[in-house]
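Student:
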Amino acid sequence: MFRYDTAFKWICLVCAGVVGVLMLGFFIQLFISSFSAWREFGLSFLWSRDWNPVTDKYGALPSIVGTLSTTVISLVIALPLAFSAALYLVDARPLIGEILSHAIDLLAAIPSVIYGMWGLFVLAPLMQKYVQPFLADTLGLGRFSFIGTEFNGFGILTAGLILSIMILPYICAIMRDVFRMTPPMLRESAYGVGCTKWETARDIVLRYGIRGILGGVFIGLGRALGETMAVLFVIGNIMEMPSSIFSGSATIASTLANHFAEADGLQRSALFALGLVLLLMSFGIQVLAQYYLHATGARRGETR
Amino acid sequence: MMRRRPLTWRKLSNQFVKIFSTAAVLLAVGAMLWILYTVACYGFRSMSLSFFTTPTMPYGGPVRGGIANAFLGSVMITFGAAVIAVPPALCAGIFLAEYKDWKTVSNVLRFSANVMMGIPSVLVGLFAYIILVVPTGNFSGFSASVALAIIMFPVIMRTTEDMLGMVPDALRESALALGMTRTRATVCIVCLSARKGLLTGILLALSRVSGETAPLLFTALFSDGWPKNYFTGPIANMPVLITEYSTNSPFEVMHQAGWGAALVVTVLVLVINMSTRIIFREKKI
Numbered sequence: 000m001f002r003y004d005t006a007f008k009w010i011c012l013v014c015a016g017v018v019g020v021l022m023l024g025f026f027i028q029l030f031i032s033s034f035s036a037w038r039e040f041g042l043s044f045l046w047s048r049d050w051n052p053v054t055d056k057y058g059a060l061p062s063i064v065g066t067l068s069t070t071v072i073s074l075v076i077a078l079p080l081a082f083s084a085a086l087y088l089v090d091a092r093p094l095i096g097e098i099l100s101h102a103i104d105l106l107a108a109i110p111s112v113i114y115g116m117w118g119l120f121v122l123a124p125l126m127q128k129y130v131q132p133f134l135a136d137t138l139g140l141g142r143f144s145f146i147g148t149e150f151n152g153f154g155i156l157t158a159g160l161i162l163s164i165m166i167l168p169y170i171c172a173i174m175r176d177v178f179r180m181t182p183p184m185l186r187e188s189a190y191g192v193g194c195t196k197w198e199t200a201r202d203i204v205l206r207y208g209i210r211g212i213l214g215g216v217f218i219g220l221g222r223a224l225g226e227t228m229a230v231l232f233v234i235g236n237i238m239e240m241p242s243s244i245f246s247g248s249a250t251i252a253s254t255l256a257n258h259f260a261e262a263d264g265l266q267r268s269a270l271f272a273l274g275l276v277l278l279l280m281s282f283g284i285q286v287l288a289q290y291y292l293h294a295t296g297a298r299r300g301e302t303r
Numbered sequence: 000m001m002r003r004r005p006l007t008w009r010k011l012s013n014q015f016v017k018i019f020s021t022a023a024v025l026l027a028v029g030a031m032l033w034i035l036y037t038v039a040c041y042g043f044r045s046m047s048l049s050f051f052t053t054p055t056m057p058y059g060g061p062v063r064g065g066i067a068n069a070f071l072g073s074v075m076i077t078f079g080a081a082v083i084a085v086p087p088a089l090c091a092g093i094f095l096a097e098y099k100d101w102k103t104v105s106n107v108l109r110f111s112a113n114v115m116m117g118i119p120s121v122l123v124g125l126f127a128y129i130i131l132v133v134p135t136g137n138f139s140g141f142s143a144s145v146a147l148a149i150i151m152f153p154v155i156m157r158t159t160e161d162m163l164g165m166v167p168d169a170l171r172e173s174a175l176a177l178g179m180t181r182t183r184a185t186v187c188i189v190c191l192s193a194r195k196g197l198l199t200g201i202l203l204a205l206s207r208v209s210g211e212t213a214p215l216l217f218t219a220l221f222s223d224g225w226p227k228n229y230f231t232g233p234i235a236n237m238p239v240l241i242t243e244y245s246t247n248s249p250f251e252v253m254h255q256a257g258w259g260a261a262l263v264v265t266v267l268v269l270v271i272n273m274s275t276r277i278i279f280r281e282k283k284i
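Protein chains in written order, with numbering that gives the first Met the number 0: chain C, 0 to 303; chain E, 0 to 284.
Right, here's the structure in full:
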């Protein structure tokens, strides 16, 4: 009898240990596979601008810049939307709130390749025809060099837009949880001294749940960093330093998916090195997300 | 000294935020409906019986290709992933929830599981490529299953833990008081009473993983023809079919087939997802 129990416990421990082993395995395997690239280029791989298979020179800077700029754009768009949507959903009437919450959660369930297709066939033409000319010419923003006047519908802005739709449900779900966790007493007191709803949200709920909200932001950030398919379809996949937010670019994830099949030798190793960079970035972000979410106990977006 | 704010200004900004947050909800829901509507509109045109019964064909052949082999391949890959991931993930969840005496180990593993959930799927694809495709020398459906299993594992592990955590301790204690062994109490009483929750977790993980594309680009790849060699060769699957047809093909017919496949995948994923939520709703926190 006794041995039976011990055996079961050990089986469970080994199974749980798999996740730790996998975690380590990711780092070790990617490092081993990218070793020749690190030996060839050293740390300057991180800030070298070339990506040239002909001369066998590779650098990560263009794709790192692409990754960061799409991520920043998507966060800038998604964050206020998710925050105010969560505000609405928490205060809405129960039935309406529940239905709308489920509807927004469904956004997270749609496979990313569908977003990519939608972006390619619907959003990119719209961007080219209406949005980008409007931004560049009608509003006259084109004179700023980071926006630019040349556009074809693809590029960083389009990718950032799609990413913002994709990460919105994750951030919104966590924010909803955080808002619900504010003790009713605090909110009631705020209303009691005459605060409007917005003032309560800004001065009480936001401050009370700031750690959870930061955790949600980092979860969204992690999603946006590593998203592959949706970005691959609309970013244009150009391995150059982007000159403006309308220009085509590449993210680390899209570079991996796009170049891996025809790469070999040093280029493949460089791709693995890019993968390692992405792994380190998302690992750091996940650690931060865990740190902030740990205290609040909000459920993570993924398990929904 | 607090800054004085005029009442009209406060009310106005409150109104503005109210309108903005309503607009945000509408925008999010609208985006969802728009995407679904687009997929339904375009995809519906290629729906026909032969679309589901003929395998994919290269462009320009005498017979117009369908998606039958890709569908079958996707089912095989996803099913394989479930077979690989579910039993150990359940055990792992049981360890986190039931054996509280090894706090440090549990905490470290819980942390790694949380981090693993956020690791981009494209890296999981790379990892599966390194550990399976490189040593065996060929792309295979099996390696794709392993990649998807790696994605599913932490998700199921954490939901299992959450669901078992909701089982009241009184139930455990009564089972043990009846003289059951720890194993028996865990498997027959605790897991059984949380079965709905466990099933929810598994199904949601499956629905999430069945639309996953990036790992399959590195592992399953694609091939026209029926998926005969699951262990030794590249096999057809829906997500890669959608990607290939819509980005790498200039032909309208292929785009059309891609939309059809997209509709099938979306409907399957959403049906699994929604029905799981509705049927097992009361078990969710």
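Glycine residues also receive a C-beta, built at the ideal position from the N, C-alpha and C atoms.
#1: Comparing the C-beta of Y58(E) with each C-beta of chain C, is any distance below 8 Å?
#2: Strictly under 8 Å for the Cβ-Cβ distance: is T195(C) near chain E by that measure?
#3: When DSSP labels each residue in this structure, what does N51(C) get in the three-state scheme?
#4: Which of the three DSSP states, helix, strand or coil, is assigned to R303(C)?
#5: Between which two residues does the alpha helix (DSSP H) holding C40(E) run?
#6: DSSP puts K56(C) in a beta bridge; with which residues?
#7: Between F259(C) and chain E, is there a C-beta pair that is closer than 8 Å?
#8: Would you call the stretch 22-33 of chain E and the stretch 79-88 of chain C in contact, with 3 or more CB pairs under 8 Å?
#9: When you check each C-beta in the stretch 224-256 of chain E against every C-beta of chain C, which residues fall closer than 7 Å?
#10: Excluding the 5 residues flanking I76(E) on each side, which residues of the same chain have their C-beta closer than 8 Å to its C-beta?
#11: Run through DSSP, which three-state label would G219(C) get?
#12: Tell me, please, which residues DSSP counts as bridged to G235(C).
#13: Taking L48(E) as the reference, which of G259(E), N272(E) and V266(E) has the closest Cα?
#14: Using C-beta distances below 7 Å, list every residue in its chain close to V268(E), excluding the 5 sequence neighbours before and after it, in chain order.
#15: 8 Å is my cut-off, CB to CB: does V270(E) come that close to chain C?
#16: In this structure, how does DSSP classify C14(C) when only helix, strand and coil are distinguished?
#17: Which of helix, strand or coil does DSSP assign to W197(C)?
#18: Verify the CB distance criterion: does L26(E) have a CB-CB separation below 8 Å to chain C?
#19: Shorter than 7 Å, the distance from the beta carbon of Q289(C) to the closest heavy atom of the ligand COA, or not?
#20: Interface residues of chain C around M46(E) at Cβ under 7 Å?
#21: Apart from the five residues just before and just after R142(C), which ones in its own chain have a Cβ nearer than 6 Å to its Cβ?
#22: Would you kindly check if the distance between the Cβ of T275(E) and the Cβ of V112(C) is under 8 Å?
#23: Just curious, the alpha helix (DSSP H) that A67(E) is in, first and last residue?
#24: Do L265(C) and S35(C) have their CB atoms nearer than 8 Å?
#25: Any contact between the stretch 240-247 of chain C and the stretch 7-16 of chain C? By contact I mean 3 or more CB pairs, one from each, below 8 Å.
#26: State buried or exposed for M165(E), treating a residue as buried only when at least 16 other CB atoms are found within 10 Å of its CB.
#27: So, helix, strand or coil for P57(E), using DSSP?
#28: Pick from S192(E), L191(E) and P226(E): whose alpha carbon is nearest that of A67(E)?
#29: To the nearest angstrom, how far is the alpha carbon of S188(C) from that of F178(C)?
#30: With three or more beta-carbon pairs closer than 8 Å as the criterion, would you say the stretch 148-168 of chain C touches the stretch 268-282 of chain C?
#31: Quick check on the burial criterion: 16 or more other C-beta atoms within 10 angstroms. Buried or exposed for D202(C)?
#32: Could you spell out where the alpha helix (DSSP H) holding F126(E) opens and where it closes?
#33: How far does the alpha helix (DSSP H) with A169(E) in it reach, from first residue to last?
#34: Which bits of chain C does K10(E) rub up against, with CB to CB less than 7 Å?
#35: Going along the chain, which residues of the stretch 77-101 of chain E sit with their C-beta nearer than 9 Å to a C-beta in chain C?
Tutor: On the basis of the supplied data:
#1: no
#2: yes
#3: strand
#4: Caution is warranted here: a pLDDT of 38 is assigned to R303(C), below 50, making its placement in the model unreliable, and the coordinate value is therefore given only provisionally. Three-state DSSP puts R303(C) in coil, outside helix and strand.
#5: L6 to F43
#6: N51(C)
#7: yes
#8: yes
#9: P238, I241, T242, S245 and T246
#10: G140, A143, S144, L147, L215, A219, I234 and N236
#11: helix
#12: S248(C)
#13: G259(E)
#14: S206, S209 and G210
#15: no
#16: helix
#17: helix
#18: yes
#19: Ligands are entirely absent from the displayed structure, and the ligand COA is therefore not among its contents.
#20: Under the 7 Å cutoff, chain C gives no residues; its nearest Cβ is about 17 Å from M46(E).
#21: none
#22: no
#23: A67 to E97
#24: yes
#25: no
#26: exposed
#27: coil
#28: P226(E)
#29: 16 Å
#30: no
#31: exposed
#32: S120 to A127
#33: D168 to A176
#34: T195
#35: P86, P87, A88, L89, C90, A91, G92, I93, F94, L95, E97, Y98 and W101
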